[in-house]
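Trainee: Going left to right, the sequence shown walks through residues 1 to 310 as this note's numbering numbers them.
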Amino acid sequence: MISQYLGIIHPLFPVPSSSVKTGFTTSISAGDKLPQIQILPLLDEVLGVHRVNNRTTHQLTVPPSADDDHAQAWEAFFPEGCINPGNKVAPMGGFGFFMKGPNDFATELGKATSTHVLFNYEVLFESEWEWRKGGKLPGIFGGAGDAAYTCTGGRQSDGKCFNLRLMWRENGKGELYAYLPLTSSNTEHLLSVPPRSIQHPDYGFSVGRGAFTFVPGRWTTIAERIKLNTIGYEDGEIEVFIDGKSVILATGLILRDSTAIESRVRGLHFQTFFGGHAPEWASPKTQRAWFTNVSGAILTDERGIHRDEL
Numbered sequence: 001m002i003s004q005y006l007g008i009i010h011p012l013f014p015v016p017s018s019s020v021k022t023g024f025t026t027s028i029s030a031g032d033k034l035p036q037i038q039i040l041p042l043l044d045e046v047l048g049v050h051r052v053n054n055r056t057t058h059q060l061t062v063p064p065s066a067d068d069d070h071a072q073a074w075e076a077f078f079p080e081g082c083i084n085p086g087n088k089v090a091p092m093g094g095f096g097f098f099m100k101g102p103n104d105f106a107t108e109l110g111k112a113t114s115t116h117v118l119f120n121y122e123v124l125f126e127s128e129w130e131w132r133k134g135g136k137l138p139g140i141f142g143g144a145g146d147a148a149y150t151c152t153g154g155r156q157s158d159g160k161c162f163n164l165r166l167m168w169r170e171n172g173k174g175e176l177y178a179y180l181p182l183t184s185s186n187t188e189h190l191l192s193v194p195p196r197s198i199q200h201p202d203y204g205f206s207v208g209r210g211a212f213t214f215v216p217g218r219w220t221t222i223a224e225r226i227k228l229n230t231i232g233y234e235d236g237e238i239e240v241f242i243d244g245k246s247v248i249l250a251t252g253l254i255l256r257d258s259t260a261i262e263s264r265v266r267g268l269h270f271q272t273f274f275g276g277h278a279p280e281w282a283s284p285k286t287q288r289a290w291f292t293n294v295s296g297a298i299l300t301d302e303r304g305i306h307r308d309e310l
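1) Helix, strand or coil for GLY145, going by three-state DSSP, please let me know.
2) Can you list, in chain order, the stretches of the beta strand (DSSP E) that have 3 or more residues and sit fully within the segment 47 to 86?
3) Check this for me: beta carbons of ARG132 and GLU170, under 9 Å apart or not?
4) Under 7 Å Cβ to Cβ from LEU12, same chain only, skipping five residues before and after it: list those, please.
5) Output the residue ranges of the beta strand (DSSP E) runs that lie fully inside the segment 244 to 306 and measure 3 residues or longer, sorted by chain position.
6) CB-CB under 7 Å to VAL193, same chain, minus the five flanking residues each way: which ones, in chain order?
7) Run the CB neighbour count on ASN229, radius 10 Å, all protein chains shown included, and call it buried at 16 or more, exposed below.
8) By Cβ distance, which residues of its chain are closer than 7 Å to PHE212, with the 5 residues on each side in sequence left out?
9) Quickly, what does DSSP pair ARG218 with across the bridge? List them, please.
10) Secondary structure at GLU224, three-state DSSP: helix, strand or coil?
11) Could you name the residues of the same chain whose beta carbon sits closer than 6 Å to that of GLY304, not counting the 5 residues immediately before and after it, in chain order?
12) Just verifying my parser: in three-state terms, what is the DSSP assignment at ASN229?
13) Mind checking which residues open and close the beta strand (DSSP E) that includes GLU239?
14) Any idea what DSSP makes of PHE13, helix, strand or coil?
15) Report back the beta-carbon spacing between MET92 and THR150 to the nearest angstrom; my notes put them in contact at under 8 Å.
16) Look at the alpha carbon of ILE298 and the alpha carbon of PHE270, and state the distance between them as a whole number of angstroms.
17) What is the rounded straight-line gap between the Cα of VAL123 and the Cα of GLY232?
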């Protein structure tokens, strides 16, 4: 069962406005509705972009169907045959970097009290997009110090990091692609998320596959909410919203343990590529996608902001 929220005023911030303590957005329409949110330009130096994959680009362009709230976007370019950025032979495609948000927000994010966080963006796949077997999309990452950057590429988490990117699959089916500490409790709770969840032997969890579907040629608003567990308790939460609607909810999670009490949400792992690793994952033609209205918020730490489960 998916819980919904009351009183939301924008799909980028699909939680009660009273729960938003502070944050930022590159969306004028969202910023105008939330006075506690700072409106910023979509620029690397402003948004705390770092650890950029210098083999790819994320040029600032005017996307298709541009309007006042989609005037500029980061363009992801996928040449035919491109695949996972770890490959040594195929063309490089998509892009990859980490983003912590503006300096004042990043400072707040690093505090021990900032355990409840929301990050958001919009994505547009070109109108004739072909999905192939699947590919990665940006999501929240975190952990203890530099260990936060290590939960990708098939590495198994030891409790010091987590990575919560999204994926598209065949025919545009969406899912949460989660790296979390490998505990029996996390496995149980992740695999219980409908409509289909899978534990991969080396590459994380596919959570809620098919809970939503991407549509080429149309902007999709993605929001991810994470609540870190209290150390020693199984009370962490992950929630994914599509166009303002809650579509994936996992509760009873452990995102950090006593070996990583300094573990924090660090920001967005802003990465997109086709793959998988094998050739059958590669982009079947040259394609483009666009990302804009990047946002983040620190939420109040209270529980119980859900209404009764539907």
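Glycine included, every Cβ here is placed at the ideal spot set by N, Cα and C.
Mentor: By the coordinates alone:
1) If DSSP states are grouped into helix, strand and coil, GLY145 belongs with the helices.
2) For the segment 47 to 86, whole beta strand (DSSP E) runs of length 3 or above, ordered along the chain, are 73 to 78.
3) Yes. Within cutoff.
4) Close CB contacts of LEU12 within its chain, under the 7 Å cut and outside five residues either way in sequence, are with THR25, SER27, ALA30, ASN120, THR221, ALA223, ASN293 and SER295 (chain order).
5) For the segment 244 to 306, whole beta strand (DSSP E) runs of length 3 or above, ordered along the chain, are 245 to 253, 264 to 274 and 287 to 299.
6) Cβ neighbours of VAL193 beyond the five flanking positions: VAL207, GLY208, ILE248 and ALA250.
7) So ASN229 ends up on the buried side.
8) Counting only Cβ-Cβ distances below 7 Å, and skipping sequence neighbours, we find GLY174, ILE242 and VAL247.
9) Assignment of beta-bridge partners to ARG218 by DSSP yields no partner.
10) It is a strand residue.
11) Bear in mind that a pLDDT of 42 at GLY304, under 50, signals an unreliable position, so the number given afterwards is only what the model happens to contain. Excluding sequence positions up to five before and after GLY304, its CB lies less than 6 Å from no other CB in the same chain.
12) DSSP places ASN229 in coil when its eight states are reduced to three.
13) Looking at the DSSP string, the run of the beta strand (DSSP E) that includes GLU239 is 236 to 242.
14) Note: PHE13 maps to strand in three-state DSSP.
15) Not quite, the Cβ-Cβ distance comes to about 22 Å (not below 8 Å), so this is no contact.
16) Taking the straight line from one Cα to the other gives about 18 Å.
17) Rounded to the nearest angstrom, the two C-alpha atoms are 37 Å apart.
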